[in-house]
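So the working numbering is basically just the index in the sequence shown, starting at one, shifted up by 6.
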Amino acid sequence: MPSLPCFVARTALLTVCCLSLLTGVTSAQSTRISRSDIDRSRPLPTGGLGTREELRPLSSTARSRTSDYSKIDRRAVATLLRDALDESGRLYAALDADYRRNPQLRSLLADLGRLRAQTNSLNQDLAAGVDLNLIVEDFRAADADWRIFSTRMSQTRGLSTPTQQSFARVDQLDRQIGKLFQVAPTLDRRTLLQQLSSLENSLLFLTDELARDPAVSTQIISSGRKLQQRISRVVTMVVDEYDYERIVNEYNGFDQSLAALMPQLTSIRNPYIERTIQRLYTANDLVHELLWMENTTSKAELKRMADALMQDVDQFYLRTGLVLLLGFKDPARALSTASDFYGTVQNFHDLLERGEADNKVAESYGYVEEEGRRFLAAFRQTKSQAAVAVLQEIEDDIATIRRELNLGDSAPVSQQKLRTVAASLEDLADQLDMDIRQWLNSERPAYRTEAATASTTFLKRAQQLHRRVDTESRPTELLREVDAVFADWQNLYSMMERCRTADRSTLAWRARLINDVLVDLDTQLRP
Numbered sequence: 007m008p009s010l011p012c013f014v015a016r017t018a019l020l021t022v023c024c025l026s027l028l029t030g031v032t033s034a035q036s037t038r039i040s041r042s043d044i045d046r047s048r049p050l051p052t053g054g055l056g057t058r059e060e061l062r063p064l065s066s067t068a069r070s071r072t073s074d075y076s077k078i079d080r081r082a083v084a085t086l087l088r089d090a091l092d093e094s095g096r097l098y099a100a101l102d103a104d105y106r107r108n109p110q111l112r113s114l115l116a117d118l119g120r121l122r123a124q125t126n127s128l129n130q131d132l133a134a135g136v137d138l139n140l141i142v143e144d145f146r147a148a149d150a151d152w153r154i155f156s157t158r159m160s161q162t163r164g165l166s167t168p169t170q171q172s173f174a175r176v177d178q179l180d181r182q183i184g185k186l187f188q189v190a191p192t193l194d195r196r197t198l199l200q201q202l203s204s205l206e207n208s209l210l211f212l213t214d215e216l217a218r219d220p221a222v223s224t225q226i227i228s229s230g231r232k233l234q235q236r237i238s239r240v241v242t243m244v245v246d247e248y249d250y251e252r253i254v255n256e257y258n259g260f261d262q263s264l265a266a267l268m269p270q271l272t273s274i275r276n277p278y279i280e281r282t283i284q285r286l287y288t289a290n291d292l293v294h295e296l297l298w299m300e301n302t303t304s305k306a307e308l309k310r311m312a313d314a315l316m317q318d319v320d321q322f323y324l325r326t327g328l329v330l331l332l333g334f335k336d337p338a339r340a341l342s343t344a345s346d347f348y349g350t351v352q353n354f355h356d357l358l359e360r361g362e363a364d365n366k367v368a369e370s371y372g373y374v375e376e377e378g379r380r381f382l383a384a385f386r387q388t389k390s391q392a393a394v395a396v397l398q399e400i401e402d403d404i405a406t407i408r409r410e411l412n413l414g415d416s417a418p419v420s421q422q423k424l425r426t427v428a429a430s431l432e433d434l435a436d437q438l439d440m441d442i443r444q445w446l447n448s449e450r451p452a453y454r455t456e457a458a459t460a461s462t463t464f465l466k467r468a469q470q471l472h473r474r475v476d477t478e479s480r481p482t483e484l485l486r487e488v489d490a491v492f493a494d495w496q497n498l499y500s501m502m503e504r505c506r507t508a509d510r511s512t513l514a515w516r517a518r519l520i521n522d523v524l525v526d527l528d529t530q531l532r533p
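Structure follows, in structure tokens:
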């Protein structure tokens, strides 16, 4: 794995890619890209294709123009930002040491890596003389991410004293910068809306399924519809930018109503409703994080989840006959793995039934997760599509229990997040390829064939990376593939910066999105 200094250098180079966006050039023709700071170990573009304002959402650009930051002392801001970056480096080192002892902290370490990249970008922007209106907007986004990270950190057990002390210092620096900018702690309203929409859609699907089930009472159906309307009001409040306290109060009311209805919902034996309830729990937990609300562990809900896991494991055995095992490389080992996994699930379930202490329950879950990985790896080779579908449900069950226990992801790499990032990169590369061909057809430069080839190469590389992620290749193999992606991106970017038509703004916007995804790839694979 690359070292921390190497990672910081790479993320710095990614953020420097947009430095010329910050200078407020008045035309595409006047934009130039400097190459003085390219890290040859992983070459990255170091310039921009358009002005900073061109690449911003209209709402944020309009809001920045209504504020006057002329009286802010840039030197004071620079000092605080440098201190924040330095302290975040110490926090990263302390959290990394904790992670080596407790793999469940991995997701926090990856999130901190992204936050460090954002802080580094703010430092570079300020040094480049960027308009403070634009820097404040970027700080709002970074602060929103920090608030979510801060909430998760405050609910994490087992952090060392150095980690807690460094975390408190970074949090204090964030608040000091916010005070200078007159920015209150910021909600990530965009992500919040996405999760609230997911919650709203799940409730819509739930009420539809409830209405189709003749065994469900009209009272339960009516309660489900009221929940749907209540979450719709929360969505409207977020869109209309109500203040934080009013949004949280309204969501607390929804939360209490949902908790009151859950015992009736979980008593319904309907696989579609059961899966929807799991999605509701997942979305609800994420909304709690986004609203900086505590996620508590419910023993009753853990019991329900353990029951669901055991049912899915039993269902898998019913769908996987002994004849299917004959095609396995080592049927005896597969059966032994299945037995070990079932034993850990049974023990976890029994501990919950006896009301054992939280630390024993968490320890038992660790064995469920460990044996679950071996079980899933052993049986994915089955030829039965019905069995494969149940395997996915078992994997989801294990992840749902982890969230309810408020544990981080202990896997070396979060495959779910990595798949999302890889899919995003391929989609962006596909869209960029079409944009580039439109530009080349309109401008018809002498290097047209070379640029088209570079675009095709980058697209194929992104597709190959996505395939490798889908097949769960080893992290070392993925890192080599990512190195190649970065090299191809540098080559393509050198072509894009020569664009002199109106297509330049579109290329710049797409390039900035790709840079963000590349930072995500680094932070996902690095720890």
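We treat Cβ as the ideally placed atom computed from N, Cα and C, and that holds for glycine.
Same chain, Cβ closer than 7 Å to residue i, five either side skipped, listed in chain order
i    : result
S156 : D177
F381 : T343, A344, F347
A289 : Q201, S204, L205, S208
L498 : A460, S461, F464
L519 : L434
V396 : D318, Q321, F322, R325
A405 : none
S70  : Residue confidence for S70 is low, a pLDDT of 46 falling below 50, so the modelled location carries little weight; the figure read from the coordinates is stated next. N139, L140, V142, E143.
E280 : A314
R467 : A490, V491, D494
Residue i: first and last residue of the uninterrupted alpha helix (DSSP H) it sits in
i    : result
S208 : 195-218
S228 : 224-245
K309 : 305-325
M159 : 138-160
Q110 : Premise fails: Q110 is in no alpha helix (DSSP H) and is neither H nor E.
Y250 : 250-272
L165 : Taken as a continuous stretch (DSSP letters only), L165 belongs to no alpha helix (DSSP H), as it is neither H nor E.
E410 : 391-410
S345 : 337-360
S370 : 364-385
L413 : That residue, L413, is in no alpha helix (DSSP H); it is neither H nor E in DSSP.
A134 : Here A134 belongs to no alpha helix (DSSP H), and DSSP marks it neither H nor E.
A452 : First-last for A452: undefined, no H or E at that position.
Y75  : Here Y75 belongs to no alpha helix (DSSP H), and DSSP marks it neither H nor E.
P277 : 277-296
From the options, residue whose alpha carbon lies closest to that of residue i
i    : options                : result
L128 : D149, Q469, Q110       : D149
L513 : V525, T224, M440, A490 : M440
T272 : Y257, D313, M243, L233 : D313
A429 : H472, F173, Y257       : H472
D402 : T213, L315, L485, A384 : L315
I78  : Q188, A99, R281        : Q188
R146 : L121, Y371, Q270       : L121
I237 : L115, I226, N139, V254 : V254
E376 : G361, Q398, T350       : T350
A217 : R96, I274, S172, A405  : I274
G230 : T242, E215, R106       : E215
S223 : A490, A116, L267       : L267
T213 : I227, E143, K366       : I227
L524 : V488, M501, R504, E503 : V488
A368 : D528, I283, E410, Q437 : E410
L286 : S113, P337, Q234, L97  : Q234
E362 : R504, A306, A82, Y453  : A306
E503 : L446, D522, D246       : L446
T529 : R454, A452, L484, P277 : L484
T197 : K232, V293, R158       : V293
R379 : Q398, A190, E251       : Q398
Residues near residue i in its chain [Cβ-Cβ closer than 8 Å; skip 5 each side]
i    : result
L86  : L179, Q182, I183, L186
R46  : Any reading at R46 needs caution, since the residue's pLDDT is 30, under 50, leaving its predicted position unreliable; the model's value is listed next. None.
D104 : L111, G164, L165, S166, T169
Q444 : D509
V240 : L202, I253, E256, Y257, F260
Beta-carbon proximity list for residue i, same chain, < 6 Å, skipping 5 on both sides
i    : result
L413 : Q110
V475 : L424, R425, A428
L358 : L308, K309, A312
M501 : A457, A460
S66  : For S66, the pLDDT reaches just 45, beneath the cut-off of 50, and the residue's location in the model is therefore unreliable, although a value from the coordinates is still provided. The answer, listed in chain order, is E143.
R96  : S172
Residue i at chain C interface by Cβ criterion, 8 Å
i    : result
R106 : Protein chains in the displayed structure number just one, and chain C is not present.
Any non-hydrogen atom of the ligand FMN closer than 7 Å to residue i Cβ
i    : result
M311 : Among the components of this structure there are no ligands whatsoever, and the ligand FMN is therefore not found.
| request: Go through the segment 457-532 residue by residue and report every complete run of the alpha helix (DSSP H) that reaches 4 residues or more, in order. | output: Segments of the alpha helix (DSSP H) lying fully in the segment 457-532: 481-502, 510-531.
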